[in-house]
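Just so we're aligned: 119 in UniProt numbering is position 119 of the sequence shown, and the numbers increase by one with no gaps anywhere.
Everything on this sheet refers to the single structure shown next.
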Amino acid sequence: MVTFVMAQHVPASSVMAVPHGPAGVGNARRRMRRELAEAGAGETAVDDAVLVLSELLSNSCRHARPLAGGGTSEVRASWALDSRGLITVAVTDGGGPTRPLPATPSVTAHGGRGLAIIRRLSKDWGVRDRCGEVTVWATLPRQASAMHVVGTAERDAS
1 MVTFVMAQHV PASSVMAVPH GPAGVGNARR RMRRELAEAG AGETAVDDAV LVLSELLSNS
61 CRHARPLAGG GTSEVRASWA LDSRGLITVA VTDGGGPTRP LPATPSVTAH GGRGLAIIRR
121 LSKDWGVRDR CGEVTVWATL PRQASAMHVV GTAERDAS
């Protein structure tokens, strides 16, 4: 008996260590933008993915510990563009005192909207727990999100 296994080609994927704090967020965003654009992701999809990465890294800096081990204060950011046309963005850290959940902030609150933004832009998102690590991930379509297209159309009409 012969079994054939089909492997899916992943056009682009990356993993990088990011300093646990605001200093590394810009470098991660720039690298992701460049790599996804080079892999052929649409401009608005890249914008959405970069925003999701920014929110995930910001939440990690505010609410979680860095990864244990290695003697450095880092988290891990990753992204992949798969053959189905989905972009997966993930940030792994050392976890925090509570599980990541979308908040309902007041209109005057200065924060608390990150996971709601991620939920709105992504097809799916979730949290994975693994021995001393927590990963928050989101998948986005390779093309523009409906929210982005509607927002652009409304802005252009004004």
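We put the beta carbon where it would ideally sit given N, CA and C, even for glycine.
Keep in mind the model is a prediction, meaning the values are calculated, not measured.
Own chain residues within Cβ distance below 6 Å of residue i, not counting five before or after
{"i": "Asn59", "result": "Gly114"}
{"i": "Val15", "result": "Ser78"}
{"i": "Ala7", "result": "In this predicted model, Ala7 has a pLDDT of only 41, less than 50, meaning its place in the structure is not dependable; the value taken from the coordinates is given anyway. Excluding sequence neighbours, Ala7 sits near nothing in its chain."}
Residue i versus residue j - alpha carbon distance
{"i": "Ala41", "j": "Gly132", "result": "33 Å"}
{"i": "Val25", "j": "Leu81", "result": "20 Å"}
{"i": "Ala64", "j": "Ala77", "result": "14 Å"}
{"i": "Asp93", "j": "Val134", "result": "6 Å"}
{"i": "Ser13", "j": "Gly95", "result": "24 Å"}
{"i": "Leu56", "j": "Leu36", "result": "17 Å"}
{"i": "Gly126", "j": "Arg119", "result": "9 Å"}
{"i": "Ser122", "j": "Trp137", "result": "10 Å"}
Sub-9 Å separation of residue i and residue j beta-carbons
{"i": "Ala90", "j": "Trp79", "result": "yes"}
{"i": "Leu140", "j": "Thr88", "result": "yes"}
For residue i, the three-state DSSP class (helix, strand or coil)
{"i": "Arg76", "result": "strand"}
{"i": "Pro67", "result": "First, the amino acid is wrong: residue 67 is Leu here, not Pro. Here Leu67 sits in coil by DSSP."}
Contacts around residue i, its chain only, beta-carbon distance under 8 Å, and the 5 residues preceding and following it disregarded
{"i": "Gln143", "result": "Gly42, Thr44, Ala45, Gly85"}
{"i": "Gly21", "result": "Cys61, Ser73"}
Same chain only: Cβ atoms within 7 Å of residue i, ignoring 5 sequence neighbours per side
{"i": "Pro19", "result": "Ser73, Glu74"}
{"i": "Ala23", "result": "none"}
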